[in-house]
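*Asks:*
Number of protein chains: 2
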Amino acid sequence: MPEKIPRTVSKRLVSYYMCLEKLLDEGVEVISSEELARRLDLKASQIRKDLSYFGEFGRRGVGYKVEFLYNRIGEIIGVQKEWKIVLVGAGNIGRAIANYAAMRERGFKILAAFDNDPQKLGTEIAPGILVRDVRELEDFVRENNVEIGIVAVPAEAAQEVAERLEKGGIVGILNFAPVKLKTTVPVENVDITASLRVLTFEIVRRRG
Amino acid sequence: MPEKIPRTVSKRLVSYYMCLEKLLDEGVEVISSEELARRLDLKASQIRKDLSYFGEFGRRGVGYKVEFLYNRIGEIIGVQKEWKIVLVGAGNIGRAIANYAAMRERGFKILAAFDNDPQKLGTEIAPGILVRDVRELEDFVRENNVEIGIVAVPAEAAQEVAERLEKGGIVGILNFAPVKLKTTVPVENVDITASLRVLTFEIVRRRG
Chain A
0 MPEKIPRTVS KRLVSYYMCL EKLLDEGVEV ISSEELARRL DLKASQIRKD
50 LSYFGEFGRR GVGYKVEFLY NRIGEIIGVQ KEWKIVLVGA GNIGRAIANY
100 AAMRERGFKI LAAFDNDPQK LGTEIAPGIL VRDVRELEDF VRENNVEIGI
150 VAVPAEAAQE VAERLEKGGI VGILNFAPVK LKTTVPVENV DITASLRVLT
200 FEIVRRRG
Chain B
0 MPEKIPRTVS KRLVSYYMCL EKLLDEGVEV ISSEELARRL DLKASQIRKD
50 LSYFGEFGRR GVGYKVEFLY NRIGEIIGVQ KEWKIVLVGA GNIGRAIANY
100 AAMRERGFKI LAAFDNDPQK LGTEIAPGIL VRDVRELEDF VRENNVEIGI
150 VAVPAEAAQE VAERLEKGGI VGILNFAPVK LKTTVPVENV DITASLRVLT
200 FEIVRRRG
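Line order of the protein sequences matches chains A and B. Numbering of the first sequence is given in numbering that gives the first Met the number 0, commencing with residue 0 and proceeding in unit increments. Numbering of the second sequence is given in numbering that gives the first Met the number 0, commencing with residue 0 and proceeding in unit increments.
1) Use the C-beta contact count for residue 93/B: other C-beta atoms within 10 angstroms, 16 or more gives buried, fewer gives exposed.
2) Return the first residue and the last residue of the beta strand (DSSP E) that residue 125/B is part of.
3) Are the Cβ atoms of residue 77/B and residue 107/A separated by less than 7 angstroms?
4) Could you pull out every unbroken alpha helix (DSSP H) segment of at least 4 residues lying fully inside the stretch 62-139 of chain B, listed in chain order?
5) For the alpha helix (DSSP H) holding residue 27/A, just list the boundary residues, first then last.
6) Can you list, in chain order, the stretches of the alpha helix (DSSP H) that have 4 or more residues and sit fully within the stretch 140-197 of chain A?
7) Rounded to whole angstroms, what's the CA-CA distance from residue 160/B to residue 172/B? Just pull it up for me.
8) Where does residue 123/B land, buried or exposed, given buried means 16+ other C-beta within 10 angstroms?
9) For residue 212/B, which three-state DSSP category applies?
10) Mind listing the chain B neighbours of residue 107/A? Cutoff is C-beta to C-beta under 7 angstroms, in chain order.
11) Could you tell me how far apart the beta carbons of residue 110/A and residue 121/A are, in whole angstroms, since I believe they sit closer than 8 angstroms?
12) Please determine, among 187/A, 131/A, 80/A, 88/A, the residue with the shortest C-alpha to C-alpha distance to residue 103/A.
13) What are the residues of the stretch 171-197 of chain A that lie near chain B, defined by any Cβ-Cβ distance shorter than 7 angstroms?
14) Which stretch, first to last residue, makes up the alpha helix (DSSP H) that contains residue 49/A?
15) Please list the partners that residue 99/A has in chain B, where partner means a Cβ-to-Cβ separation under 7 angstroms.
16) If we ignore side chains and look at the alpha-carbon of each, how far apart do residue 166/A and residue 204/B end up?
17) Along chain A, which residues have their Cβ under 7 angstroms away from the Cβ of residue 209/B?
18) Whose C-alpha, out of 36/A, 38/A, 118/A, is nearest the C-alpha of residue 132/A?
19) Between which residues of its own chain and residue 46/B is the CB-CB distance below 6 angstroms, once the five residues before and five after are set aside?
20) So, is the C-beta of residue 130/A closer than 7 angstroms to a C-beta in chain B?
21) Taking a cut of 9 angstroms between CB atoms, which residues from the stretch 84-99 of chain B lie near chain A?
22) Apply the 10 Å Cβ neighbour rule to residue 42/B and answer buried if 16 or more other Cβ atoms are within range, or exposed otherwise.
23) Roughly how many angstroms separate the alpha carbons of residue 208/A and residue 90/B, rounded to a whole number?
24) Do residue 65/B and residue 196/A come within 7 angstroms of each other at the CB atom, strictly closer than that value?
25) Rounded to a whole number of angstroms, what is the C-alpha to C-alpha distance between residue 181/A and residue 137/A?
26) Counting only Cβ pairs nearer than 8 angstroms, list the residues of chain A close to residue 139/B.
27) Would you say residue 124/B faces chain A, with C-beta separation under 7 angstroms as the test?
28) Going along chain B in order, which residues have a C-beta closer than 7 angstroms to the C-beta of residue 10/A?
29) Going by CA-CA distance only, name the one from 192/A, 175/A, 101/A, 142/A that's closest to residue 158/A.
30) Does the beta-carbon of residue 148/A have 16 or more other beta-carbons within 10 angstroms, so that it is buried, or is it exposed?
31) Grab me the residues of residue 83/B's own chain with a C-beta within less than 8 angstroms of its C-beta, minus the 5 sequence neighbours each way, in chain order.
32) Which chain B residues sit within Cβ distance under 8 angstroms of residue 16/A?
33) Can you tell which of 151/A, 22/A, 170/A has its C-alpha closest to the C-alpha of residue 38/A?
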């Protein structure tokens with residue numbers, strides 16, 4: 000794999016992968032960079048350039064073989080395995096995540112949830128996902144070789160949770176708390192308010 | 000306002016705004032582009048360039064006045080008003096969104112939720128937010144001048160909901176369904192699986 004793929008390319012590769020997944024479902028076998036570009040709201044030249052990082056996938060005038068490209072990008076972005084996950088925070092957001100079936104179908108397996116609310120301990124936040132005491136977090140992560148931690152706790156508790164996840168040996172964090180985490184492992188943020196701000200800014204811009 | 004601000008700049012402006020909000024809370028009055036860059040994991044030159052789209056904010060060697068910059072960016076991105084919102088889909092994700100207090104505090108007001116499950120109609124999905132029949136969606140949007148629709152329904156229902164929102168007169172959509180919506184209004188997507196894919200790709204890259 001090339002050493003330095005820009006972060007923006009990573010995000011687009013993921014979007015290519017998800018679009019190809021849908022094309023496979025639709026039974027499409029071959030697709031041109033132009034058609035792919037149309038579906039993704041990108042320039043065809045952009046797609047050809049991104050894919051050229053990883054060698055030659057398509058031939059001019061013929062297009063890309065959907066299944067081949069799908070499998071190859073899948074290998075590159077690391078989908079060919081099951082990822083072990085713990086969820087920290089058993090509130091509304093935690094519950095929504097734990098019950099999100101599409102995650103499991105796509106290889107993201109939540110092994111357990113953690114909270115500090117005594118009333119929630121021992122209950123199931125989703126079928127098969129038990130709520131454990133957050134004090135067991137580090138040990139559980141270590142003993143089960145958990146790779147990813149999902150942080151769905153209030154902002155003021157998020158940094159401490161992130162540090163405990165790291166101590167346990169986590170290699171990546173998906174963060175729903177509206178706060179910037181300081182970690183050595185990669186963090187991906189999901190911030191609903193930020194998304195709303197980007198949207199409303201776009202609305203304001205269009206109004207001119 | 001400048002005509003064409005690149006989308007990537009929009010997203011960064013929002014992150015500047017949210018960082019400045021935190022600085023204000025911390026009582027910081029002046030900040031250099033270098034310090035802002037450190038906090039946001041960006042280059043100082045990038046920040047200076049982005050802000051130059053909107054005129055001169057800071058002075059070399061003095062730094063930016065936090066409150067002034069915060070208010071000015073707020074005007075630019077359209078935060079100085081309350082946005083009226085409807086939520087479509089009263090499942091787990093809908094419930095998490097409806098109960099997310101930070102949204103209301105930041106000027107995003109959910110007027111009502113909509114669903115097609117008879118058992119949910121008339122109940123409160125969050126304090127003060129009633130679940131209504133999705134058949135009333137267009138009329139409600141029109142009568143209440145709702146500006147934003149949040150789509151939290153299953154993928155197969157999302158496009159139809161988006162079309163009904165547009166017919167009612169919505170000007171922007173925040174979409175949680177894992178599907179690309181075809182609309183004339185701007186759409187911002189929140190896709191948890193996509194965020195996980197970006198994260199795991201980053202993990203794979205770092206492992207080399």
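The beta-carbon is built from N, C-alpha and C at its ideal position, and this holds for glycine as well.
*Replies:* Looking at the atomic coordinates:
1) By one-based count along the second sequence, residue 93/B stands at place 94. The residue in question, residue 93/B, is buried, as its Cβ has 16 or more Cβ neighbours within 10 Å.
2) Residue mapping note: residue 125/B aligns to position 126 of the second sequence, counting from 1. From DSSP, the beta strand (DSSP E) with residue 125/B extends over 123-125.
3) By 1-based counting over the second sequence, the position of residue 77/B is 78. By 1-based counting over the first sequence, the position of residue 107/A is 108. No, the Cβ-Cβ distance between residue 77/B and residue 107/A is not below 7 angstroms.
4) As far as the stretch 62-139 of chain B is concerned, its whole alpha helix (DSSP H) runs of at least 4 residues are 65-76, 91-97, 100-104.
5) Position 28 of the first sequence holds residue 27/A. Premise fails: residue 27/A is in no alpha helix (DSSP H) and is neither H nor E.
6) Within the stretch 140-197 of chain A, the complete alpha helix (DSSP H) runs of at least 4 residues are 154-167.
7) Looking up residue 160/B in the second sequence gives position 161. Looking up residue 172/B in the second sequence gives position 173. Roughly 10 angstroms between the two C-alpha positions.
8) By 1-based counting over the second sequence, the position of residue 123/B is 124. Within 10 angstroms of the beta-carbon of residue 123/B lie fewer than 16 other beta-carbons, which makes it exposed.
9) Summary: the structure shown does not reach residue 212/B, with chain B confined to residues 0 through 207, and so no result is reported for it.
10) On the first sequence, position 108 is the one that residue 107/A refers to. Simply 195.
11) The residue labelled residue 110/A in the question sits at position 111 within the first sequence. The residue labelled residue 121/A in the question sits at position 122 within the first sequence. Between residue 110/A and residue 121/A the beta-carbon gap is near 16 angstroms, outside 8 angstroms, which marks them as no contact.
12) Numbered from 1 along the first sequence, position 104 holds the residue referred to as residue 103/A. For residue 103/A, the nearest C-alpha among the options comes from 80/A.
13) Within the stretch 171-197 of chain A, the residues whose Cβ lies closer than 7 angstroms to some Cβ of chain B are 171, 173, 177, 185, 187, 189, 191, 192, 193, 194, 195, 196, 197, listed in chain order.
14) Against the first sequence, residue 49/A aligns to sequence position 50. Per DSSP, the unbroken alpha helix (DSSP H) holding residue 49/A starts and ends at 43-51.
15) Looking up residue 99/A in the first sequence gives position 100. 191, listed in chain order.
16) Counting from one through the first sequence, the residue named residue 166/A turns up at place 167. Counting from one through the second sequence, the residue named residue 204/B turns up at place 205. C-alpha separation (whole angstroms): 21 angstroms.
17) Outside the displayed span of chain B (0 to 207) sits residue 209/B, for which this structure offers no information.
18) The count along the first sequence starts at 1 and reaches residue 132/A at position 133. Checked all of 36/A, 38/A, 118/A; the closest Cα to residue 132/A is 118/A.
19) In the second sequence, counting from the first residue as 1, residue 46/B sits at position 47. Answer for residue 46/B: 32, 35, 36, listed in chain order.
20) If you number the first sequence from 1, residue 130/A lands on position 131. With respect to chain B, the C-beta atom of residue 130/A has no partner C-beta closer than 7 angstroms.
21) Answer set for the stretch 84-99 of chain B: 84, 90, 91, 92, 93, 94, 95, 96, 97, 98, 99.
22) Here residue 42/B refers to the residue found at position 43 of the second sequence. Burial call: exposed.
23) Because chain A here runs from 0 to 207, residue 208/A falls outside it and cannot be looked at.
24) Working through the first sequence from its first residue, we reach residue 196/A at position 197. Working through the second sequence from its first residue, we reach residue 65/B at position 66. Going by C-beta atoms, residue 196/A is not nearer than 7 angstroms to residue 65/B.
25) Taking the first sequence and counting its residues from 1, the one referred to as residue 181/A is at position 182. Taking the first sequence and counting its residues from 1, the one referred to as residue 137/A is at position 138. Going by the C-alpha atoms only, they are around 18 angstroms apart.
26) Locating residue 139/B in the second sequence gives position 140, counting from the first residue. Ordered by position in chain A, no residue passes the 8 angstroms Cβ test against residue 139/B, which lies about 19 angstroms from the chain.
27) Numbered from its first residue, the second sequence carries residue 124/B at position 125. With a threshold of 7 angstroms between beta carbons, residue 124/B makes no contact with chain A.
28) Against the first sequence, residue 10/A aligns to sequence position 11. Counting only Cβ-Cβ distances below 7 angstroms, residue 10/A has contacts in chain B at 197, in chain order.
29) Mapped onto the first sequence, residue 158/A falls at position 159. Selected option, being the one with the closest Cα: 175/A.
30) The residue you call residue 148/A lines up with position 149 of the first sequence. Taking a 10 Å sphere around the C-beta of residue 148/A, we find 16 or more other C-beta atoms and assign the residue as buried.
31) Looking up residue 83/B in the second sequence gives position 84. A distance below 8 angstroms between beta-carbons, with the five flanking residues on each side excluded, links residue 83/B to the following residues of its chain, in chain order: 108, 110, 143, 144, 145, 146, 147.
32) Here residue 16/A refers to the residue found at position 17 of the first sequence. Within chain B, the residues near residue 16/A are 196.
33) The residue given as residue 38/A occupies position 39 in the first sequence. Out of 151/A, 22/A, 170/A, 22/A has the C-alpha closest to the C-alpha of residue 38/A.
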